[in-house]
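K.L.:
Please see the structure below; I have some questions.
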Amino acid sequence: MTQAETFISTARRVIEIEARGLDALAAALNGTFAEAVKLILAAKGRVIVSGMGKSGHIGRKIAATLASTGTPAQFVHPAEASHGDLGMVTEADVALVLSNSGETPELADIIAHTRRFGIPLIGVASRAGSTLLVQADVAILLPKAEEACGTGIVPTTSTTMTLALGDALAVALMEHRHFTPEHFRTFHPGGKLGARLLKVADLMHAGDAIPLVGGATPMSETLVTMSARGFGVAGVTDEAGRLVGIVTDGDLRRHMAGLLTHTAGEVMTPDPRTVPPSALAEKAVAEMRDRKITCLFVLDPDGDGRALGILNIHDCLRAGVA
Numbered sequence: 415m416t417q418a419e420t421f422i423s424t425a426r427r428v429i430e431i432e433a434r435g436l437d438a439l440a441a442a443l444n445g446t447f448a449e450a451v452k453l454i455l456a457a458k459g460r461v462i463v464s465g466m467g468k469s470g471h472i473g474r475k476i477a478a479t480l481a482s483t484g485t486p487a488q489f490v491h492p493a494e495a496s497h498g499d500l501g502m503v504t505e506a507d508v509a510l511v512l513s514n515s516g517e518t519p520e521l522a523d524i525i526a527h528t529r530r531f532g533i534p535l536i537g538v539a540s541r542a543g544s545t546l547l548v549q550a551d552v553a554i555l556l557p558k559a560e561e562a563c564g565t566g567i568v569p570t571t572s573t574t575m576t577l578a579l580g581d582a583l584a585v586a587l588m589e590h591r592h593f594t595p596e597h598f599r600t601f602h603p604g605g606k607l608g609a610r611l612l613k614v615a616d617l618m619h620a621g622d623a624i625p626l627v628g629g630a631t632p633m634s635e636t637l638v639t640m641s642a643r644g645f646g647v648a649g650v651t652d653e654a655g656r657l658v659g660i661v662t663d664g665d666l667r668r669h670m671a672g673l674l675t676h677t678a679g680e681v682m683t684p685d686p687r688t689v690p691p692s693a694l695a696e697k698a699v700a701e702m703r704d705r706k707i708t709c710l711f712v713l714d715p716d717g718d719g720r721a722l723g724i725l726n727i728h729d730c731l732r733a734g735v736a
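My numbering puts the sequence shown at residues 415 to 736.
This is the structure in structure tokens:
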């Protein structure tokens with residue numbers, strides 16, 4: 415076996431061992447998981463997540479996932495908690511404490527704090543009868559599972575199970591709260607996730623920036639509007655200001671002979687494609703690409719037919735919408 419084959423074999427063994435641990439965790443879930451979800455839902459404050467070492471690293475991720483999916487959460491380091499940070503943990507909170515052994519010495523103060531002030535405690539550990547699980551109001555026992563390191567001493571499968579359990583809690587909570595992509599965007603305004611959840615209303619040009627002309631407008635004036643607004647198109651409105659057509663480069667080419675003798679209403683393509691302001695910009699970009707166009711006028715489907723704005727594909731791409 416080559417060195418590369420040895421590496422790949424090791425990787426597969428690790429993943430297979432951890433996958434068996436996840437299967438065991440799924441099978442072991444029982445009413446205590448539901449009790450933990452209910453306890454968090456009942457809390458008026460935050461979920462205070464704590465753990466030491468590798469459990470602490472996992473705890474930070476769980477806290478971040480909870481916070482970004484509608485459940486206020488904060489990670490508190492147990493050692494810092496013993497030196498003043500216990501003041502962050504209030505009676506309105508619920509504590510989620512992680513420890514593979516359930517006997518981590520650094521957790522003693524935060525466990526005692528929850529007992530002293532009647533703060534609900536959810537304990538997650540792999541040893542039944544451990545201090546953490548005995549003291550917890552809700553004790554979630556991780557099933558026995560082989561660590562993937564081969565020696566049984568490096569946290570691998572156990573941390574993977576704990577991380578998956580945290581994800582399961584977060585998803586159960588967000589589904590109960592009917593957490594939507596719009597809510598998700600509130601907590602993820604930046605980066606690729608934020609761009610994917612941008613709405614048309616966030617990127618459209620409105621007001622005087624919208625290139626609009628009346629149907630009776632001479633094409634000489636229509637060309638000025640198209641050039642001045644910089645979108646390469648002009649929307650055509652009726653007497654009531656409703657959008658009834660669009661003048662594009664293609665329309666100009668089709669009427670090149672005697673173009674300036676026509677009005678916008680004579681040159682326009684009627685019933686242009688539009689998009690509602692509440693639509694995801696990502697879907698609007700997909701439609702523009704499919705139709706090989708660069709702009710869409712924005713209309714409220716329940717409105718009076720007046721254009722609310724215009725969306726340009728280049729603004730979407732600059733914002734990271736692809």
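The beta-carbon is built from N, C-alpha and C at its ideal position, and this holds for glycine as well.
#1: Taking only runs that begin and end inside the region 538–575, name each unbroken alpha helix (DSSP H) of 4 or more residues, in chain order.
#2: By the three-class DSSP mapping on this structure, what secondary structure does Ala654 have?
#3: Which partner residues of Lys613 appear in the DSSP bridge assignment?
#4: Who does Gly459 pair with in a DSSP beta bridge?
#5: Just to check my reading of the structure: Leu725 and Ala698 have Cβ atoms closer than 8 Å, yes? What is that Cβ distance to the nearest angstrom?
#6: Going by beta-carbon coordinates alone, are Thr687 and Leu657 separated by less than 8 Å?
#7: Can you tell me where the alpha helix (DSSP H) holding Gly628 begins and where it ends?
#8: Just grab the DSSP bridge partners of Thr683 for me.
#9: What would DSSP say about Pro519, mapped onto helix, strand or coil?
#10: Look up Val451 in the DSSP assignment and say whether it is helix, strand or coil.
#11: Could you check the C-alpha separation between Ala586 and Leu637 for me, to the nearest Å?
#12: With the cut-off set at 8 Å, would you say Thr631 and Thr677 are in Cβ contact?
#13: Given a threshold of 16 other Cβ atoms within 10 Å of its Cβ, counted over all protein chains shown, does Thr662 qualify as buried or as exposed?
#14: Of the residues Asp499, Leu722, Val614, which one's Cα is nearest the Cα of Gly621?
#15: Can you name the residues that DSSP bridges to Asn514?
#16: Return helix, strand or coil for Leu722, following the three-state DSSP convention.
#17: CA-CA distance, Leu713 and Ala478?
#18: Name the two residues that bound the continuous beta strand (DSSP E) containing Phe711.
#19: Could you have a look at Val689 and say whether DSSP puts it in helix, strand or coil?
#20: Would the beta-carbon of Ala693 fall within 8 Å of that of Leu617?
#21: Under the three-state reduction of DSSP, which class applies to His619: helix, strand or coil?
#22: For the pair the region 466–485 and the region 434–442, tell me if three or more CB-CB distances fall below 8 Å.
#23: Pro691 and Ala615 look like a contact to me (Cβ under 8 Å); what is the Cβ gap, rounded to whole Å?
#24: My assumption, with CB atoms under 8 Å, is that Glu432 sits in contact with Thr571. Please give the rounded CB distance.
P.N.:
Short version:
#1: Runs of the alpha helix (DSSP H) inside the region 538–575: 545–549.
#2: If you number the sequence shown from 1, residue 654 lands on position 240. In this structure, Ala654 counts as coil in the three-state DSSP scheme.
#3: In the sequence shown, counting from the first residue as 1, residue 613 sits at position 199. In the DSSP output, where bridge partners are listed per residue, Lys613 has Leu694.
#4: Numbered from its first residue, the sequence shown carries residue 459 at position 45. Under DSSP, Gly459 takes part in no beta bridge, so it has no partner.
#5: As a working note, residue 725 is residue 311 in the sequence shown. As a working note, residue 698 is residue 284 in the sequence shown. So it is a contact: roughly 6 Å between Cβ atoms.
#6: Here residue 687 corresponds to residue number 273 of the sequence shown, with the count starting at 1. Here residue 657 corresponds to residue number 243 of the sequence shown, with the count starting at 1. Thr is not the amino acid found at residue 687; the sequence shown has Arg there. No, the Cβ-Cβ distance between Arg687 and Leu657 is not below 8 Å.
#7: Residue 628 sits at position 214 when you count from the first residue of the sequence shown. Where Gly628 is concerned, there is no enclosing alpha helix (DSSP H), although the beta strand (DSSP E) it sits in stretches over 626–628.
#8: The count along the sequence shown starts at 1 and reaches residue 683 at position 269. Thr683 is bridged to Ile660.
#9: Position 105 of the sequence shown, counting from 1, holds the residue named residue 519. Note: Pro519 maps to helix in three-state DSSP.
#10: As a position in the sequence shown, residue 451 is number 37, starting the count at 1. When secondary structure is reduced to three states using DSSP, Val451 falls in the helix class.
#11: Residue mapping note: residue 586 aligns to position 172 of the sequence shown, counting from 1. Residue mapping note: residue 637 aligns to position 223 of the sequence shown, counting from 1. In this structure, the CA atom of Ala586 is about 56 Å from the CA atom of Leu637.
#12: Numbered from 1 along the sequence shown, position 217 holds the residue referred to as residue 631. Numbered from 1 along the sequence shown, position 263 holds the residue referred to as residue 677. Yes, they are a contact pair.
#13: Reading the sequence shown from its first residue, position 248 is the one you call residue 662. Taking every protein chain shown into account, the CB of Thr662 has 16 or more other CB atoms within 10 angstroms, so this residue is buried.
#14: Taking the sequence shown and counting its residues from 1, one reaches residue 621 at position 207. Of all alpha-carbon atoms in Asp499, Leu722, Val614, the one lying nearest the alpha-carbon of Gly621 is that of Leu722.
#15: By 1-based counting over the sequence shown, the position of residue 514 is 100. In the DSSP assignment, no residue is bridged to Asn514.
#16: Mapped onto the sequence shown, residue 722 falls at position 308. Coil.
#17: Sequence index remark: in the sequence shown, residue 713 carries index 299 (1-based). Sequence index remark: in the sequence shown, residue 478 carries index 64 (1-based). Distance from the CA of Leu713 to the CA of Ala478, rounded to the nearest whole angstrom, comes to 37 Å.
#18: Taking the first residue of the sequence shown as position 1, residue 711 is located at position 297. Segment 709–712, the beta strand (DSSP E) holding Phe711.
#19: Taking the sequence shown and counting its residues from 1, one reaches residue 689 at position 275. Three-state result, Val689: strand.
#20: The sequence position of residue 693 within the sequence shown is 279, counting from 1. The sequence position of residue 617 within the sequence shown is 203, counting from 1. Inclusion of Ala693 and Leu617 in the CB contact set at 8 Å is not warranted, their separation being larger than that value.
#21: Here residue 619 corresponds to residue number 205 of the sequence shown, with the count starting at 1. Residue state, collapsed to three classes: strand.
#22: Under the Cβ criterion (8 Å, minimum of three pairs), the region 466–485 does not count as touching the region 434–442.
#23: By 1-based counting over the sequence shown, the position of residue 691 is 277. By 1-based counting over the sequence shown, the position of residue 615 is 201. Rounded, the Cβ-Cβ distance is 4 Å, consistent with contact.
#24: Residue numbering aside, residue 432 sits at position 18 when the sequence shown is read from its first letter. Residue numbering aside, residue 571 sits at position 157 when the sequence shown is read from its first letter. A Cβ-Cβ separation of about 5 Å places Glu432 in contact with Thr571 under the 8 Å criterion.
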